[in-house]
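Encoded as structure tokens, the structure appears first; notes follow it.
There are 2 protein chains.
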Amino acid sequence: MTTIRDDKVHPYTETLRRLLVKPEHGSMTDAVTDALREAILSGLFAPPAWLREDELAQSLDVSRTPVREALRRLTDEGLTQRVANRGTVVSPMTLDEILAVYAVRESLEGLAARTAAGRRPAGLVDELKRVHEAMVAAADEDPSRIATLNLEFHRLIRDAAGNPYLTRFLTQVEHAVRRFGQTTFAIPGRGADANDEHLGILEAIAEGDQELAGARATAHMRRARESRVRQLISM
Amino acid sequence: MTTIRDDKVHPYTETLRRLLVKPEHGSMTDAVTDALREAILSGLFAPPAWLREDELAQSLDVSRTPVREALRRLTDEGLTQRVANRGTVVSPMTLDEILAVYAVRESLEGLAARTAAGRRPAGLVDELKRVHEAMVAAADEDPSRIATLNLEFHRLIRDAAGNPYLTRFLTQVEHAVRRFGQTTFAIPGRGADANDEHLGILEAIAEGDQELAGARATAHMRRARESRVRQLISM
DNA sequence: CTTGCGATGACTGCATGCAACGAGTGTGCG
DNA sequence: CGCACACTCGTTGCATGCAGTCATCGCAAG
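Protein sequence lines, in the order shown, are assigned to chains A and B. Residue numbers for the first sequence, in this note's numbering: 6 to 240. Residue numbers for the second sequence, in this note's numbering: 6 to 240.
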């Protein structure tokens, strides 16, 4: 005899469950938030998917409470939208959104590089070089591997800036960028260009030239945006 | 006969309750979030105050659920910090925080003004003039009145930019700034300087000069930061 | 006097019940 | 045939119970 609760299993259950890392000491709500965010960013839940509280709760084998709080947080982050008494829907991504995200990103990455060049904490330049060289070496590998290294490069810079607001905002911006789907590193030649641009930023930081580092980082993001737009309109 | 629930009334209850606007159609959670945020921003809950879920729930006459969700959101906004199984504490404000907030604000206000100058939606310039003139006229009034007009001036610009990410981040930044306490317009002369700077931004936007508008907005925030720092170290 | 340990209590973390809202649907009337 | 209206059902909104966890305090041993 099967229990009545299990008589409806949703198709994404398996995949979603794998995203849930049961925390040793952290809270379930945090784990659910990360799992759902990852599900949206990876495209498992693509707009305009509806996210039902009890459906997700059953799939993740938790109660509605942590799911509910997770959905609220994702809504605050802009990944979803809440409709009263109806549910939560994954936000659509428009070309305007993309331009908006990159506009903010250009500005904030510039600030991050400028600040990092001013502070230059010990070991930063070496770490940047390490990641940069790994990216150069990975040029012919899987684009997603390059994208991961790229994120690490930028994370190093913003952490070096030591500005919690900047970190928080840039993290959200990166999430938004991931929602566009394919990484721009799938474009032939983009990886090589990005490496050159990274090297320029790296050198400016190494020399402590704040204005140059900021300008190069901004330019880097502008070119990333242009690649992104070309990639999307050609689809 | 008094009920047993009321046997412990917390001293802030009255004040806090006045901040709660019972919504006609919106959710209670949103109302509680706004009330608690306002309580923190206004200094009713100053760091390092502990916010207890059931205490607040009793004061606001709601259950712990909306309070709980509100506290989580405020934590995501950076106003509070959550300690597992212990509670939520109002985040302290340090000089480093202040500098960090203003660094981000300089960058984002610059972007907002640059974008607004490029788009120049109908009526924007007139509205900016109206608010600017109101600020000039209010020069001798209550600094908090000037501060309100000032916020409106900046809100007009960032709404005109039409970038949802920029709007969200700048809103959070403004919240953070309010936590520093007294407005900088309490400083003699700061109001007049700010008016001059606003006029400069306004004119650049009116002429559609994006670079000039951005540069002036950034410079404006830099001076605001300098005033703020002077104000705080003299206390 | 200091330190280690166990009991106690306060508080959060999560589960679950019930009420209320609103979209969709079917029905009856014009 | 079209339109308005009431009803139903799915879903969230909020309340509350209970278990788990961590800090604190007292006590006793070193």
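Note that beta-carbon positions come from the ideal geometry of N, C-alpha and C, so glycine has one too.
Closer than 9 Å to the CB of T34(A) there is at least one CB belonging to chain B. At a cut-off of 9 Å between C-beta atoms, F185(A) does not count as an interface residue with respect to chain B. D81(A) reaches chain B at R78 and D81, counting residues in chain order whose Cβ is nearer than 7 Å. With fewer than 16 other Cβ atoms inside 10 Å of its own Cβ, T176(A) counts as exposed.
Secondary structure at L56(B): strand, using DSSP grouped into helix, strand and coil.
Under the three-pair Cβ rule at 8 Å, the region 185-196 of chain A does not count as touching the region 80-89 of chain A.
When the Cα atoms are used, A121(A) and Q63(A) turn out to be separated by approximately 45 Å. Going by C-alpha positions, I206(A) is about 48 Å away from L24(B). For T93(A), there is no enclosing alpha helix (DSSP H); the enclosing beta strand (DSSP E) covers residues G92 to V95.
In the displayed model, T188(B) falls within coil according to three-state DSSP, outside both helix and strand.
Excluding residues up to 5 positions away in sequence, E179 lie with their Cβ nearer than 8 Å to the Cβ of L156(A) in the same chain. Selection D35(B), A36(B), T80(B) and M33(B) evaluated against L56(B) yields T80(B) as nearest (Cα-Cα). Annotation: Cβ neighbours of T120(A) in chain B (cutoff 8 Å, chain order): A108. In the three-state reduction of the DSSP assignment, V88(A) falls in the strand class, which pools E and B. Using a Cβ-Cβ cut-off of 9 Å, L116(B) counts as an interface residue toward chain A, since at least one Cβ of chain A sits closer than that to its own. The alpha-carbon of V136(B) is positioned some 6 Å away from that of F158(B). No Cβ-Cβ contact shorter than 9 Å links E208(B) with R119(B). In this structure H15(B) is exposed. Its beta-carbon is surrounded by fewer than 16 other beta-carbon atoms within 10 angstroms.
Going by DSSP, S232(B) is part of the alpha helix (DSSP H) stretching over Q215 to I238. Among the residues of the region 157-173 of chain A, those with a Cβ less than 9 Å away from any Cβ of chain B are A166, G167, N168, P169, Y170, L171 and R173, in the order of the chain. Taking D145(B) as reference, the option from R163(B), G128(B), A166(B) and A197(B) with the minimal CA-CA separation is A197(B). Between the alpha carbons of Y17(B) and G123(A) lies a gap of roughly 44 Å. In the three-state reduction of the DSSP assignment, F50(B) falls in the coil class, being assigned neither a helical nor a strand state. Nearest C-alpha to D131(A) among A211(A), A40(A) and S232(A): A211(A).
For the region 45-76 of chain B, residues whose beta-carbon sits nearer than 9 Å to a beta-carbon of chain A comprise T70, R73 and E74.
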